[in-house]
Amino acid sequence: MAEASTGRLVCQERFGCTSQKYDYILKDDENRLKQIDTSVKHSSITHLFKNVFLPQGYPESVSPDYLRYQIWDTIQAFASSITGALAAHAVLKGVGVGDEEATVLGATMAWLLKDGTGMVGRILFAWAKGNGLDCDAKRWRLFADVLNDTAIFMDILAPSFRGYFTLIVCTSGVCRSIVGVAGGATRAALTQHQARRNNMADVSAKDGSQETLVNLAALLCNLMLLPLVSGQQIIIWLLFFLFTLLHLFANYKAVRSVCMETLNQARLHYIVNNYLLKEQVLDVATVNKMEPVLFPVKRPFNLRLGVSLAEVTKSISFNSLMDVYERSMTGYILALDFSRKNINIVLSQSSDMLDQIQACFHAELLNFIIEQNKKGQELSPKLKHLGKLVAETQQTKVVDEEMMKSVLATSLHFVESWISPLTKDLHNKGWITEIALLGANEWRALWDYEELISKKSN
Numbered sequence: 001m002a003e004a005s006t007g008r009l010v011c012q013e014r015f016g017c018t019s020q021k022y023d024y025i026l027k028d029d030e031n032r033l034k035q036i037d038t039s040v041k042h043s044s045i046t047h048l049f050k051n052v053f054l055p056q057g058y059p060e061s062v063s064p065d066y067l068r069y070q071i072w073d074t075i076q077a078f079a080s081s082i083t084g085a086l087a088a089h090a091v092l093k094g095v096g097v098g099d100e101e102a103t104v105l106g107a108t109m110a111w112l113l114k115d116g117t118g119m120v121g122r123i124l125f126a127w128a129k130g131n132g133l134d135c136d137a138k139r140w141r142l143f144a145d146v147l148n149d150t151a152i153f154m155d156i157l158a159p160s161f162r163g164y165f166t167l168i169v170c171t172s173g174v175c176r177s178i179v180g181v182a183g184g185a186t187r188a189a190l191t192q193h194q195a196r197r198n199n200m201a202d203v204s205a206k207d208g209s210q211e212t213l214v215n216l217a218a219l220l221c222n223l224m225l226l227p228l229v230s231g232q233q234i235i236i237w238l239l240f241f242l243f244t245l246l247h248l249f250a251n252y253k254a255v256r257s258v259c260m261e262t263l264n265q266a267r268l269h270y271i272v273n274n275y276l277l278k279e280q281v282l283d284v285a286t287v288n289k290m291e292p293v294l295f296p297v298k299r300p301f302n303l304r305l306g307v308s309l310a311e312v313t314k315s316i317s318f319n320s321l322m323d324v325y326e327r328s329m330t331g332y333i334l335a336l337d338f339s340r341k342n343i344n345i346v347l348s349q350s351s352d353m354l355d356q357i358q359a360c361f362h363a364e365l366l367n368f369i370i371e372q373n374k375k376g377q378e379l380s381p382k383l384k385h386l387g388k389l390v391a392e393t394q395q396t397k398v399v400d401e402e403m404m405k406s407v408l409a410t411s412l413h414f415v416e417s418w419i420s421p422l423t424k425d426l427h428n429k430g431w432i433t434e435i436a437l438l439g440a441n442e443w444r445a446l447w448d449y450e451e452l453i454s455k456k457s458n
C-alpha cells in the first residue's frame with residue numbers, strides 16, 4: 001500500500017459512480033483511521049438535482065440511452081402540457097363555463113359521457129392490443145403521442161361545432177383513454193429496459209419526478225399564457241400547431257434514441273436479412289436505427305407465431321408435415337399458406353425461447369427467398385436451390401404437397417445448420433436471446449405419438 005507522511009493509506013471508498021470519494025489513513029503512532037475527503041467538488045445545486053431527479057447509481061444503474069431519451073421526453077412533455085392546457089380551456093368553454101345560458105346539468109352530462117366513453121375505449125384497446133405493446137414498445141409509444149395530439153386537436157375544435165360538441169369530446173375521450181393505456185404500458189416496457197440493476201421502481205419514481213417538474217414549469221407558463229390568448233382563436237391555433245410540431249419531433253427523437261437489446265419481429269427481420277446477404281450479424285445500435293417506429297415491417301408473407309394446428313393444415317396435410325418435422329428436434333411446425341400469404345407456425349408444448357427464435361428465423365428465411373425472387377435478385381450459391389423450389393411452388397395454381405414438402409424440408413435443413421452459429425453471433429454482438437418479444441399466441445401442441453400416449457395414460 002501507498003505510504004503517506006502521516007501514516008499509511010489503507011483504504012479508498014467511493015459512493016457509486018459519483019465524484020464523492022474518501023481515503024483512509026492509518027496513523028502508526030495513534031493506531032486510528034483518519035478520513036480524508038478526496039471528492040471532486042461540484043456545486044451543491046448540481047449534486048442536489050442529481051440526487052432528486054436521477055436514479056441512484058446513475059449512470060451505471062441505467063441503460064446507456066437513458067439520458068438521451070429523458071431529455072427528449074422532457075421536451076415532449078412540456079410541449080404536450082402547453083397544448084393540453086389549450087384543450088382544457090376549449091372544453092371548459094364548450095361545456096358552458098362563462099356562458100349564462102348553459103346549465104350545470106348539461107355540462108355535467110357532457111363531461112360524464114366524455115369520461116364514460118373513454119373508460120370503454122380503454123378496456124377495449126387493452127384487450128385488443130395488450131400483447132403488441134410489449135413487442136413494439138417504441139412504435140406504440142409514438143402512436144400514443146400522435147393520438148394524444150389528435151385528441152387535443154378535437155378538443156380545441158369542439159366549441160366551434162356546438163351541435164356536435166358532445167360527440168367530438170366523447171371521441172377525443174376515447175382517443176385519450178387509448179393514449180393512457182398505450183403510453184403507460186410502453187413507458188413500463190421502456191423502464192424495464194432502462195433499469196440495469198433491477199431498479200425499476202427507482203427509475204419509474206425518478207421519471208415521475210422529472211415529469212412533475214416539467215409539468216410544474218408548463219403550469220407556470222400556462223398561467224401567464226392563457227389570459228393573453230383567451231378568445232384569440234388564431235393565436236390559439238398557431239400555438240397549437242407550433243407546440244404540436246415540437247411535441248411530435250421530440251417524441252420521434254426520443255423513441256429513436258432507445259436502443260433495445262431484446263429481439264422482436266422487426267429487429268430480427270433486419271438481423272436475418274443482413275445475415276443471409278452478408279453472413280454477418282448486425283450490432284444492437286445499427287439494428288435499432290433501422291427499426292421502423294411509424295409502421296410495421298413489410299414482408300411478402302405475414303408471420304403468425306403460435307397458431308392452432310388447424311390453421312396450418314389448411315394449406316398442407318398433417319401427414320406431409322410429419323414427414324418433414326417428425327425426426328427434427330425443433331419445437332415447432334412451420335407451413336406456408338400461399339393463398340392467404342401467411343407463414344403459420346405451431347409451437348410445441350416443450351418449446352422455449354430459442355425455439356421461437358429459430359421458428360421466426362425459418363419464417364424470415366422463406367420471406368427473404370420470396371422477396372428476392374420477386375425482385376429478380378440473384379441468391380447466394382447456398383440458397384439458389386431453395387430459391388428455385390420456392391419459385392416453382394409459387395407458380396403452381398394448386399399447391400403440390402410434394403413440392404411444398406421439399407421447400408419445407410430444404411429450408412429446415414438450412415435453419416438447423418445455421419441456428420447455432422447465428423445464436424452465438426447474436427450473443428457476441430450484445431443481443432439478449434433468453435428473452436424475446438416475438439408476439440407469439442398461446443396455442444401449444446404435442447405431436448409426438450409416444451409422448452401423447454404417455455401423457456394420456458398418466
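Using UniProt numbering, read the sequence shown as starting at 1 and increasing by one per residue.
C-beta atoms are modelled at their ideal positions from N, C-alpha and C, and glycine is treated no differently.
No experiment lies behind these values; they were computed from the predicted model shown.
Could you name each continuous alpha helix (DSSP H) segment of 4 residues or more that falls completely within the stretch 295-376, going from the start of the chain to the end? You should have 309-312, 318-325 and 353-375.
What's the gap between the Cα of Lys206 and the Cα of Gly180? If you take the alpha carbons of Lys206 and Gly180, they lie about 19 Å apart.
So the candidates are Phe301, Pro300, Gly331 and Ala335; which of them puts its Cα closest to the Cα of Ser317? Among Phe301, Pro300, Gly331 and Ala335, the Cα nearest to that of Ser317 belongs to Ala335.
Close Cβ partners of Thr171 (< 7 Å) along its chain, the five nearest in sequence each way excluded: Cβ neighbours of Thr171 within its own chain (closer than 7 Å, five residues either side excluded): Met154.
Just how far apart, CA to CA, sit Ala436 and Gln265? Near 9 Å, if we compare the C-alpha coordinates of Gln265 and Ala436.
If contacts are defined as beta-carbon pairs under 8 Å, then Ser320 and Glu392 qualify, I think. What distance do you get, rounded to the angstrom? Not quite, the Cβ-Cβ distance comes to about 17 Å (not below 8 Å), so this is no contact.
What residue does the beta strand (DSSP E) around Glu434 start on, and which one ends it? Element bounds for Glu434: Ile432 to Leu437.
In whole angstroms, what is the alpha-carbon distance linking Thr117 and Ala110? Between the alpha carbons of Thr117 and Ala110 lies a distance of about 11 Å.
Would you identify the three-state DSSP class for Gly98, choosing helix, strand or coil? With a pLDDT of 49 at Gly98, under the threshold of 50, the modelled position of that residue is not reliable, and the figure given next carries that caveat. In the structure shown, Gly98 falls within a coil segment according to DSSP collapsed to helix, strand and coil.
For Gln35, write down the residues that DSSP places opposite it in a beta bridge. Tyr24, per the DSSP bridge assignment.
Residues in the same chain with beta-carbon distance under 8 Å from Pro64, minus the five sequence neighbours each way, listed in chain order, please. Cβ contact annotation for Pro64 (same chain, cutoff 8 Å, sequence separation greater than five): Cys259, in chain order.
Contained alpha helix (DSSP H) runs [length at least 4] in the stretch 65-131, N- to C-terminal order: The qualifying runs are 66-95.
With DSSP collapsed to three states, give me the class of Glu416. Three-state result, Glu416: helix.
Counting Cβ pairs closer than 8 Å, one from the stretch 294-307 and one from the stretch 337-355, do we hit at least three? A contact exists between the stretch 294-307 and the stretch 337-355.
Just to confirm my understanding: we take Gly98, look at its own chain, exclude 5 residues before and 5 after, and list those with CB closer than 6 Å. What are they? Its pLDDT being 49, under 50, Gly98 is placed unreliably in this model, and the value from its coordinates should be taken loosely. Within the same chain, Gly98 has no close Cβ partners at all.
Could you check which residue in Ile123, Leu48, Thr244 and Glu326 has the C-alpha nearest to that of Ala87? Its Cα nearest to that of Ala87, the residue Thr244 stands out among Ile123, Leu48, Thr244 and Glu326.
Excluding the 5 residues flanking Ala189 on each side, which residues of the same chain have their C-beta closer than 8 Å to its C-beta? Residues of the same chain with a CB within less than 8 Å of the CB of Ala189, apart from the 5 flanking positions on each side, are Leu133, Asp134 and Ala137 in chain order.
Please report the straight-line C-alpha distance between Leu272 and Glu364, rounded to a whole angstrom. Contrary to the premise, residue 272 reads as Val rather than Leu in this sequence. In this structure, the alpha-carbon of Val272 lies about 7 Å from that of Glu364.
Roughly how many whole angstroms lie between the Cα atoms of Asn374 and Gly439? Residue identity check: residue 374 is Lys in the sequence provided, not Asn. Roughly 27 Å separates the two Cα atoms.
Less than 6 Å between C-beta atoms, sequence neighbours within five positions excluded: which residues of the same chain meet that for Ala151? Result list for Ala151: Ser172, Cys175 and Arg176, in chain order.
In whole angstroms, what is the alpha-carbon distance linking Ala90 and Val169? Rounded to the nearest whole angstrom, the C-alpha separation of Ala90 and Val169 is 10 Å.
Beta-bridge partners of Ala195, as assigned by DSSP: Val62, per the DSSP bridge assignment.
Tell me the rounded alpha-carbon separation between Glu326 and Asp448. Just so you know, the alpha carbons of Glu326 and Asp448 end up roughly 8 Å apart.
Mark Pro421 as exposed unless 16 or more other C-beta atoms lie within 10 angstroms of its C-beta, in which case mark it buried. With fewer than 16 other CB atoms across the displayed protein chains lying within 10 angstroms of its CB, Pro421 is exposed.
To the nearest angstrom, how far is it from the Cα of Leu124 to the Cα of Arg139? For Leu124 and Arg139, the distance between alpha carbons rounds to 19 Å.
Three-state class that DSSP yields for Ile453 in the structure shown: In this prediction, Ile453 has a pLDDT of 49, which is less than 50 and means its spatial position is unreliable; what the coordinates show is noted afterwards. Ile453: helix per DSSP, three-state reduction.
Going by the CB atoms, is the gap between Val284 and Lys429 shorter than 9 Å? Between Lys429 and Val284, the C-beta gap is smaller than 9 Å, which places the two residues in contact.
For Leu408, which residues in the same chain have their Cβ closer than 6 Å to its Cβ, ignoring the five residues on either side in sequence? Within the same chain, Leu408 has close Cβ partners Val324.
Own chain partners of Asn148 with C-beta closer than 6 Å, once the 5 adjacent residues on each side are dropped: These residues qualify, in order along the chain: Val179.
With DSSP as the reference, please indicate the residues paired to Arg444 in a beta bridge. Note: Arg444 sits in a beta bridge opposite Leu347.
Leu263, enclosing beta strand (DSSP E) - first and last residue: Its beta strand (DSSP E) spans residues Thr262 to Asn264.
Does the beta-carbon distance from Met329 to Glu434 come in below 9 Å? The beta carbons of Met329 and Glu434 sit no closer together than 9 Å.
Going along the chain, which residues of its own chain have a beta-carbon closer than 7 Å to the beta-carbon of Lys93, five neighbours each way excluded? If you ignore the 5 residues before and after Lys93, its C-beta comes within less than 7 Å of the C-beta of Pro159, all in its own chain and listed in chain order.
Does Glu402 come out as helix, strand or coil in the three-state DSSP assignment? Secondary structure at Glu402: helix, using DSSP grouped into helix, strand and coil.
Sorted by chain position, which residues of the same chain lie with C-beta nearer than 8 Å to Gln349's C-beta, five sequence neighbours on each side aside? Here the set comprises Arg444, Ala445 and Leu446.
CB of Thr74 within 9 Å of CB of Leu239, strictly: Not closer than 9 Å, so no.
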